[in-house]
């Protein structure tokens, strides 16, 4: 495996600096953002690199659980931040986070104990990247689906209430909207699976090949990961939409949009 | 009199109903009776109807034939205590997809035919929508009808057809009717009693 030294990274950084300079000359107003994002990449990735290094040196369930919790909370915050209208109070954060916890953690533990079968099962070299990939994808799915659910319910309030007036249950009244939300949450991973290998080489597989793995080994891992991600996203989105569509109503099957916050500005 | 003819039915009772800072309102509609309800715009007529249909949180009691709203599941309640809102909404492409059965016994009276089931909702006029919405809610055979200006977008002929149909329905089934109307002459025509709504109370009076 060819290791990179500081000069190699400096050359790549030079490309970003050139782009920033070009953007400044063309007055695109992007140079500041580009430089700050580039700095963040360096700092954040170096930090996580150090954390992983320490973690790999001390294989301890408590440490793995600790970093998993940090990842989960960060993902939960991200889901909440991506909602135009989110649920008020604790639910705004808890709904997405809870759904991600159930699906991503269960799938990761299942994969670690059966398919990958590491020893110990929480070996951070496998557990952390696996959980990271699952969380990242489930997060996008849940964020898309919940945003779709709440914004459509808001727009179609009159139709939902009309169906309630005709004697529909809350589940019947929101069934189509929920189906649409499910579809939009699942579309990215379905598209990724359909296009895998044809349009793009998935990042994880590319990484393994660059690190020197035989291509077929990398492919097997990528297939496993794709399947885990699609199941994890599916379960996570289902759970989040189940909670979300229940929460939009009260126990008397009334549409309660007062449980949503107003639209976010900007 | 009417109660004696229909044992077990005693209509709709609303007792000290408060909703969204309005009320308390109390009223009783006997089986087969029609009460006209008038009130300035903004006086909360629609809110009162929504609360009776249990679409908004409320305090106080609403009873159907002596049984409290809370004893029913909410969908059961709304099938029995049917609210026809001023503006109807449709979510499928074809009219027929909004009806549970193949046929609707009220189509002819309302000026429609069996063919209407295949009409596109997007091509309906507001008057057609209003009449079809009435037929749609009657398919649940409700025992109480809460009508929010059911003839607002109809011409005189169609308005008369709707009045006739609701009159027949309430005579045939003993349904209790609460009819919001801006038109004093219509209120006098359809109502057995007449109520005027203010934000705090209901006053019995002339149509």
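Chains as they are written, first to last, in this note's numbering: chain A, 1453 to 1718; chain B, 605 to 811. From the three backbone atoms N, C-alpha and C, an ideal C-beta is built for every residue, glycine too.
Cβ-heavy atom distance, residue 1591/A to the ligand HEM, below 7 Å: This structure lacks the ligand HEM, and indeed carries no ligand of any kind.
Inter-residue spacing [alpha-carbon to alpha-carbon] between residue 1565/A and residue 1639/A: 29 Å
Any chain A beta carbon closer than 8 Å to residue 695/B: yes
Distance CB(residue 671/B)-CB(residue 697/B) smaller than 8 Å: no
Residue 1555/A to residue 801/B span [Cα, whole Å]: 53 Å
Identity of the residue in 1608/A, 1705/A and 1596/A nearest residue 1693/A by Cα: 1596/A
DSSP three-state assignment for residue 617/B, whether helix, strand or coil: strand
Beta-carbon gap between residue 648/B and residue 803/B smaller than 8 Å: yes
Boundaries of the beta strand (DSSP E) in which residue 780/B is found, first to last residue: 780-784
Pick from 669/B, 729/B and 770/B that is closest to residue 738/B, judged by C-alpha positions: 770/B
Straight-line gap, residue 1546/A to residue 1576/A (C-alpha atoms, nearest Å): 26 Å
Endpoints, the beta strand (DSSP E) within which residue 1466/A is located: Segment 1458-1477 is the alpha helix (DSSP H) holding residue 1466/A; no beta strand (DSSP E) there.
Contacts of residue 744/B in chain A (Cβ-Cβ under 9 Å): 1618 and 1619
Residues of the stretch 647-661 of chain B whose Cβ lies closer than 9 Å to any Cβ of chain D, in chain order: You won't find chain D in this structure, because its protein chains are A and B.
Closer than 7 Å at the beta carbon, the chain B residues around residue 1630/A: Per Cβ cutoff of 7 Å: no residues; residue 1630/A is ~14 Å from chain B at best.
Helix, strand or coil at residue 753/B according to DSSP, with G and I counted as helix: coil
Interface residues of chain B facing residue 1706/A [CB-CB closer than 9 Å]: 658, 659, 660, 661 and 678
Contacts of residue 1607/A in chain B (Cβ-Cβ under 7 Å): Within chain B, no residue comes near residue 1607/A; the closest Cβ sits about 12 Å away, beyond 7 Å.
Rounded C-alpha distance that separates residue 1715/A from residue 1605/A: 13 Å
Contacts of residue 1610/A in chain B (Cβ-Cβ under 8 Å): 691 and 693
Three-state secondary structure (DSSP) of residue 629/B: strand
Residues that residue 741/B contacts on chain A, provided the C-beta gap is smaller than 8 Å: 1617 and 1618
C-alpha gap between residue 721/B and residue 1712/A, whole angstroms: 37 Å
Pairwise C-alpha distance: residue 1697/A and residue 795/B: 41 Å
Proximity to residue 685/B [Cα-Cα], best of 663/B, 657/B and 702/B: 657/B
Within-8 Å CB hit, residue 1577/A to chain B: no
Residue 812/B - partner residues in DSSP beta bridges: There is simply no residue 812/B to check, as chain B begins at 605 and stops at 811 in what is shown.
Backbone CA spacing between residue 1739/A and residue 1485/A [nearest angstrom]: Given a span of 1453 to 1718 for chain A in the structure shown, any question on residue 1739/A remains unanswerable.
Chain-ordered neighbours of residue 842/B on chain A, where CB pairs are closer than 9 Å: For chain B, the structure presents residues 605 to 811; residue 842/B sits outside this window and is missing.
Span separating the alpha-carbon of residue 1460/A from that of residue 1500/A: 20 Å
Ranges of the alpha helix (DSSP H) found wholly within the stretch 1663-1704 of chain A, counting only runs of at least 4: 1667-1699
Where residue 609/B falls: helix, strand or coil (DSSP): Its pLDDT being 49, under 50, residue 609/B is placed unreliably in this model, and the value from its coordinates should be taken loosely. Residue 609/B: helix per DSSP, three-state reduction.
Best match in 702/B, 751/B and 717/B for proximity to residue 740/B [C-alpha to C-alpha]: 702/B
Cβ separation of residue 1543/A and residue 1699/A, assumed to be a contact under 8 Å, to the nearest whole Å: 6 Å
Proximity test, Cβ basis, 8 Å: residue 616/B and chain A: no
Residue 1454/A (DSSP reduced to helix, strand or coil): coil
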